[in-house]
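As structure tokens, the structure follows; a few thoughts come after it.
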Amino acid sequence: MTAVSSRGAIPGPPAGIQLHAPAPGWAIEADVVVVGSGVAGLTTALRCAAAGLSTVVVTKARLDDGSTRWAQGGIAAALGDGDTPEQHLDDTLVAGAGLCDEEAVRTLVTEGPDAVRRLIATGAHFDTSDAGEIELTREGGHHRRRIAHAGGDATGAEISRALVEAVHASKLRTIENALVLDLLTDAEGRTAGITLHVMGEGQHDGVGAVRCPTVVLATGGMGQVFSATTNPAVSTGDGVALALRAGAEVSDLEFVQFHPTVLFLGTDSEGQQPLVSEAVRGEGAHLVDASGIRFMVGQHELAELAPRDIVAKGIMRRMQEQGAAHMYLDARHFGAEMWEQRFPTILAACRAHGIDPVTEPIPVAPAAHYASGGVRTDLHGRTTVPGLYACGEVACTGVHGANRLASNSLLEGLVFAERIAADISSRAPRKAGRPVVHATPSVLPLIAPEARAEIQRIMSEGAGVLRSAESLTVAAEALAAVHRNAVNDAAPDGRGAAKTAEPGVESWETSNLLCVARVLTAAALEREETRGCHWREDRPDRDDAEWRRHLVVRLAPDRSLLVRRTENTAFAPTVPDAPREP
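The numbering used here applies: residue 11 is where the sequence shown begins, and numbers increase by one.
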């Protein structure tokens, strides 16, 4: 992947690149296939099914195994007395560091409250006061209490439970334990379905296909591209990689949010790390160093409740100054009763690792948390590939800008899922076209599973919280070497050091991780400024004149990366001649 910069539009046909995989051995037909089973995927599927569309949900593990289940803090919406969508919009724009698409944010905050009420009608139970009102809390970047939560700190689990129960009640067709592989397209370049691999526990086994005219990607994030993350093991960037291979545009991939307060388990800890919700700080916990000094005071008017990028940077700076591996979150003043009632999940996780927040400060450090960028969409979730939609963390709607406002992610998934379903159901039904079978398909060399840890190490060292031209260049070169070895191994006379990778879940996931890692690194190297959660040590200032615009990336048929800048913060329509209005 060679990055080629361009200020103009990117011409050319879809990439048409595929993973190396067996041909589908079975197929089913539907009107819509939704890939992913978090709040975005299941809401889309339920709305499509309610509109009479034959809908199939494909999910990588079980229905409740995605990122939604792990969301602790809650869902943000202007539901409280005195709060308004306009105030929610203002907080979101500030957190987004000048890069939000204001029309997308306005859509989110105005449609959000009713979307939450419909979620409640679906069966989700939020914590309420004795008077029956929804209890609201504050998180970083919010000037008002507008975060609805459930089970204290188990909001995602409750939303997932309600949606999964609704899916079962509606008898929606589901395929669990299935990894999506590639998009099928017809001769006109329109979506014709997907290929997928069912991992031995589903209704079907092996590689198959769902043939349909509409595909909705709701595959979640890519946190597993880093060594330490709050994301579950399934978050390997599959949706973004699939979209890139299909020729879709992605945007803002350089903006990876590192959550400031992740339970520190040691410098060598890898994989999914326990999150200590921002809501803990919202209820009055303090960030302190080993001497007990509150170092965020004076750095921002909201101190510990500043937007996440500012808090993460504050923690990293203090760690650098003191040569420390972590800072502390002190909430001993909560007392046992509050910990047990308000934050039972976090309390249990800390105690499972030998830390008691009731009697001692919690060691914390930033870890990869959320991808603000993803597959570029319009306000109806449509991507630049006809018939392909994206929703949730896999998508880039323009809502989050350079840094997501806390607890806006569940709301974004909910609001845009409803908009996607409405757009799909409003269109005249059509049959899926016949998938094009390329005589000589462009097949992506598979990356051996053992390269996964190396990719994660490269990304954590070179493209983590702190970045520079030097670190990103080293990372890009190291990732290119991983790719080059795979190409050499795949050649007839390959002389690479590693064994040629065989098709399978682990090699497909690793290939997806390498793909998104290279795009992320290329975008981060291109953006020569510090903005939001993109922190360039060598370019410490924000440069609105040059960089208050998005980076849009597409994968060309020869696998080179085509990178362009938008003219401003608003996304152009993804569908030719489509109006900007919702």
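By construction, the Cβ of each residue, glycine as well, lies at the ideal position given by its N, Cα and C atoms.
Scanning the stretch 220-251 for uninterrupted beta strand (DSSP E) segments of 3 residues or longer gives 224-227, listed from N- to C-terminal end. Within the stretch 248-330, the beta strand (DSSP E) runs of at least 3 residues that lie entirely inside it are, in chain order, 266-273, 296-298.
Residue range 37-39 is occupied by the beta strand (DSSP E) that includes isoleucine 38. Shown here, glutamine 82 sits in coil according to DSSP, grouped into three states, outside any helix or strand. For the options Pro223, Ala582, Gly514, Leu275, the alpha carbon positioned closest to that of valine 217 is the one of Gly514.
Taken through DSSP and simplified to helix, strand or coil, valine 190 comes out as strand.
In this structure the stretch 372-388 does not lie against the stretch 175-192, because fewer than three pairs of beta carbons, one per stretch, are closer than 8 Å. With three or more CB-CB distances shorter than 8 Å, the stretch 270-285 counts as touching the stretch 369-382.
The DSSP-derived three-state label of valine 68 is strand. In this chain, the alpha helix (DSSP H) harbouring valine 425 covers 418-436. According to the DSSP secondary-structure assignment, isoleucine 157 is paired through a beta bridge with Ala86, Thr147. In the displayed model, valine 475 falls within coil according to three-state DSSP, outside both helix and strand. 8 Å or more divides the Cβ of glutamate 311 from the Cβ of glycine 150.
Non-local beta-carbon contacts of leucine 63 in its own chain, meaning distances under 6 Å to residues more than five positions away in sequence, involve Asp41, Val42 in chain order. A direct Cα-to-Cα measurement between valine 208 and leucine 73 gives close to 14 Å.
For secondary structure counted as the beta strand (DSSP E) over 3 or more consecutive residues, the stretch 521-579 holds these complete runs in sequence order: 561-565, 571-575. Between the alpha carbons of asparagine 495 and histidine 30 lies a distance of about 16 Å.
Secondary structure note for proline 396: it is in no beta strand (DSSP E), with a DSSP letter that is neither H nor E.
Under a 10 Å Cβ-count criterion, glutamine 28 is classified as buried, with 16 or more other Cβ atoms of the shown protein chains found around its own Cβ. When only Cα atoms are considered, glutamine 309 and glycine 108 end up about 20 Å apart. Distance from the Cα of phenylalanine 581 is smallest, within the candidate group Val573, Gly90, His560, Ala458, for His560. Cβ-Cβ distances below 7 Å link arginine 116 to Leu99 in the same chain, with the five nearest sequence neighbours on each side left out; the list follows chain order. Between glutamate 168 and alanine 158 the beta-carbon gap is near 10 Å, outside 8 Å, which marks them as no contact. Looking at Asp163, Thr201, Phe305, the one whose alpha-carbon comes closest to that of glutamine 82 is Asp163. Taking a contact as a CB-CB distance under 8 Å, the pair threonine 78 and valine 44 does not count as one, their CB atoms being some 14 Å apart. Straight through space, the alpha carbons of glycine 364 and alanine 479 are spaced by roughly 39 Å. Rounded to the nearest angstrom, the gap between the Cα atoms of aspartate 91 and arginine 154 is 10 Å. Within a 10 Å sphere around the beta-carbon of proline 583 sit fewer than 16 other beta-carbons, which makes this residue exposed. Contact check between the stretch 419-428 and the stretch 46-57: three or more CB pairs, one atom from each, fall below 8 Å, which counts as touching. In the structure shown, the three-state DSSP call for proline 95 is helix. The beta carbons of aspartate 388 and valine 585 sit closer together than 8 Å. Under the three-pair Cβ rule at 8 Å, the stretch 218-233 counts as touching the stretch 398-412. Taking a contact to require three or more Cβ pairs closer than 8 Å, the stretch 135-143 and the stretch 328-341 do not qualify as touching. At a Cβ-Cβ threshold of 8 Å, glutamate 264 and histidine 544 count as neighbours. In terms of CA proximity to serine 245, Glu516 leads the group Val446, Thr579, Glu516. With a contact defined as Cβ atoms closer than 8 Å, valine 307 and alanine 316 miss out at about 11 Å.
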